[in-house]
Amino acid sequence: MRELIDQYLSLGWCNENIIVPLGIEQDQKSDRKTIIIAIANFAYLATIGEFVKNRFQHSGLKCQFIELPSEEIEAIIANASKENVLAIEDEESSLQYTRDEILRALSNCIDEVDMPEEAKLEFDDSDEANLEESILDLSVEILGSEVQKAAAQILISACRSNVSDIHIEPRQDQYKVRVRRDGVMQSYISMPRSAGIKLTTCLKNMAHMDIAERCSSQDGRILRHFEGQQLELRCSTVPTKLGEKMVLRILESNTGMLSLDTLITDEEIARDFRSLIQEANGIIVVSGPTGSGKSTTLASVLREKDNGELNIVTAEDPIEYYLGGNICQTPVLRAKGQTFANLLRTFLRQDPDVILIGETRDPETAEASIDAAETGHLVFTVLHANSASSALMRLVDMGVPTYKITASLRCILAQRLMRRVCPGCSSVRTVTEEESRYTGLQTSLQIRVANALSEHEKEQSMREGRLCAACSGIGYRGRIGTYELLKITPSIRQAIKNGEPTQVIEDIAVEEGMLTLKAYAVKLVANQLTTISELIKICGE
111 MRELIDQYLS LGWCNENIIV PLGIEQDQKS DRKTIIIAIA NFAYLATIGE
161 FVKNRFQHSG LKCQFIELPS EEIEAIIANA SKENVLAIED EESSLQYTRD
211 EILRALSNCI DEVDMPEEAK LEFDDSDEAN LEESILDLSV EILGSEVQKA
261 AAQILISACR SNVSDIHIEP RQDQYKVRVR RDGVMQSYIS MPRSAGIKLT
311 TCLKNMAHMD IAERCSSQDG RILRHFEGQQ LELRCSTVPT KLGEKMVLRI
361 LESNTGMLSL DTLITDEEIA RDFRSLIQEA NGIIVVSGPT GSGKSTTLAS
411 VLREKDNGEL NIVTAEDPIE YYLGGNICQT PVLRAKGQTF ANLLRTFLRQ
461 DPDVILIGET RDPETAEASI DAAETGHLVF TVLHANSASS ALMRLVDMGV
511 PTYKITASLR CILAQRLMRR VCPGCSSVRT VTEEESRYTG LQTSLQIRVA
561 NALSEHEKEQ SMREGRLCAA CSGIGYRGRI GTYELLKITP SIRQAIKNGE
611 PTQVIEDIAV EEGMLTLKAY AVKLVANQLT TISELIKICG E
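Going by the numbering used here, the sequence shown wraps up at 651, each residue one higher than the last.
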């Protein structure tokens, strides 16, 4: 049954339309074969009947519809989904489509009639509001042309394997797809140039970009429904010497993990930070490089602050989490003059209690945020800096007066993300003397070491049935944060007034009990959650 679903329709489409093929019967009097299809309501045939018949007619199958209760059909589909005949990993981390199937679809699209891409793919210039109203399901692309099928398979595979970014890159004689998983770039598939150009054009069309324009960079986004959730991808293209490069970032919309207790594993830091975010006014800064989880932390904070008694507003670029509740989220639209600074001024006229400024990148936004904190509002913002003390210096370098910083700043939370070591295939050993000198850990302590396999070793392990189902031979699965909380104490305020350098301010904070990014990461290594190599990656030798 699962084979029939995958060959002619798709699991998602069957689930959405409450219809499922049950099997094929041979006509005893003729060579004609009939496929039996269960449907919840014959009235649905008025809209999907012709489509379904056409899907099976090409294979010489005659359709016979029978009516079954929707509960029975949903149960049949649920059982079919467990068969997972297309999976190459275990059920929890499986990819629904293998690389071979994606390449097969891409190779088939090369043979499609070459007509101008503008004529082959439809797109419109509808505004964002209309785009929101007509969000398609990825199963629609699966039932489309070969290139649409390949594009949808790549997106589905990425979503199911914890990928954050998809890179489609032109090469001299081919196109290459690479993905970023757990913060690390990995090769995915390669394809002929003609297939790569068609794939890029199809994805641009899905993102409502101008597919006729290939000589200038563009931005867009793809909105789709996927397994009952809304999937959003931020898309960007740039013309290179060898063709258009396209990058798709998958914006996280699952709010189930938005909890400070889940993110910050150190109970003391979580308790101190939670007490600081309960302040009635002031500014709280979260710092770190791109991709360090700052947006996730702030989303967790706002979810915790949303008790129904506060007016919470945000300015974000882009909106990564849809928080719901009583939180009003506003996107930054620079083309329409909606910058961070302008939105902040607008917010102040709307009686806010809590304001989130998605990023402070210029002196105007920095000073406006500080001013908002001084007038009785609690402001959260993001700075790109490597540590808490360097984020403090960034505010000073932006020209914010030190008297305003000492009066309004409550704390700075710096953070990084480290890969979690896979518990399924990692090995355990004791700390070496060199590692002990670097980390301060005892040489008798047991720590975990990731067993990362090369591509050749992965293929061999897969053939022999020894490939780790949890991480697919990468050695790591998922990520965990390391944090550094700099509280603005009287001694820190005095150091800021005296113009002390970054290192002096950090030394004072450590004397007062601050756990640095490295010290926090060392605790994670000691708890066998990550490895020494990940520690070195974020903290240096």
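Yeah, the Cβ is synthetic: ideal placement off N, Cα and C, and Gly gets one too.
Residue i Cβ short of 8 Å to the ligand ATP heavy atom set
i, result
"residue 549", "Only the bare structure without any ligand can be found here, which leaves the ligand ATP out of the picture."
Inter-residue Cα distance where the pair is residue i and residue j
i, j, result
"residue 578", "residue 587", "11 Å"
"residue 511", "residue 606", "10 Å"
"residue 604", "residue 397", "22 Å"
"residue 263", "residue 549", "44 Å"
"residue 597", "residue 181", "56 Å"
"residue 390", "residue 461", "14 Å"
"residue 97", "residue 442", "The requested residue 97 is not part of the displayed model; the chain covers only 111 to 651."
"residue 555", "residue 431", "40 Å"
"residue 246", "residue 176", "28 Å"
"residue 306", "residue 285", "5 Å"
"residue 172", "residue 120", "19 Å"
"residue 163", "residue 320", "35 Å"
"residue 537", "residue 642", "13 Å"
"residue 595", "residue 488", "18 Å"
"residue 394", "residue 522", "6 Å"
"residue 135", "residue 174", "10 Å"
"residue 415", "residue 631", "28 Å"
"residue 492", "residue 403", "11 Å"
"residue 179", "residue 152", "11 Å"
"residue 583", "residue 645", "20 Å"
"residue 227", "residue 217", "Residue placement at residue 227 cannot be trusted, given a pLDDT of 40 that sits under 50; what the coordinates show is reported in the next sentence. Between residue 227 and residue 217, the C-alpha separation is close to 17 Å."
"residue 132", "residue 214", "27 Å"
"residue 670", "residue 464", "The question about residue 670 has no answer, for the chain in this structure spans 111 to 651."
"residue 165", "residue 118", "6 Å"
Reduced DSSP category for residue i - H, G, I as helix; E, B as strand; rest coil
i, result
"residue 481", "helix"
"residue 184", "helix"
"residue 129", "strand"
"residue 53", "It is not possible to answer for residue 53, since the shown part of the chain is limited to 111 through 651."
"residue 407", "helix"
"residue 354", "strand"
"residue 630", "helix"
"residue 649", "helix"
"residue 566", "helix"
"residue 552", "coil"
"residue 524", "strand"
"residue 402", "coil"
"residue 312", "helix"
Cβ neighbour criterion (16 or more within 10 Å) applied to residue i
i, result
"residue 609", "exposed"
"residue 611", "exposed"
"residue 287", "buried"
"residue 383", "buried"
"residue 417", "exposed"
"residue 130", "buried"
"residue 280", "buried"
"residue 640", "buried"
"residue 316", "buried"
"residue 531", "buried"
CB contact check: residue i to chain B, cutoff 9 Å
i, result
"residue 152", "This model lacks chain B altogether, as it is built from one protein chain only."
Within 9 Å, strictly: CB atoms of residue i and residue j
i, j, result
"residue 539", "residue 589", "no"
"residue 277", "residue 291", "no"
"residue 503", "residue 470", "no"
"residue 387", "residue 490", "yes"
"residue 155", "residue 146", "no"
"residue 499", "residue 342", "no"
"residue 360", "residue 275", "yes"
"residue 376", "residue 593", "yes"
"residue 634", "residue 293", "no"
"residue 454", "residue 479", "yes"
"residue 552", "residue 559", "no"
"residue 449", "residue 475", "yes"
"residue 257", "residue 311", "yes"
"residue 525", "residue 591", "yes"
"residue 534", "residue 563", "no"
"residue 184", "residue 125", "yes"
"residue 352", "residue 296", "no"
"residue 599", "residue 565", "no"
"residue 334", "residue 265", "yes"
"residue 433", "residue 336", "no"
"residue 557", "residue 636", "yes"
"residue 368", "residue 406", "yes"
Contact between the segment 296–306 and the segment 327–335: three or more CB pairs below 8 Å? Three or more Cβ pairs closer than 8 Å define a contact, and the segment 296–306 falls short of that threshold against the segment 327–335.
Between the segment 399–419 and the segment 616–632, do at least 3 Cβ pairs fall closer than 8 Å? Taking a contact to require three or more Cβ pairs closer than 8 Å, the segment 399–419 and the segment 616–632 do not qualify as touching.
Are three or more beta carbon pairs between the segment 307–326 and the segment 415–434 nearer than 8 Å? Contact between the segment 307–326 and the segment 415–434 is absent, because fewer than three Cβ pairs lie under 8 Å.
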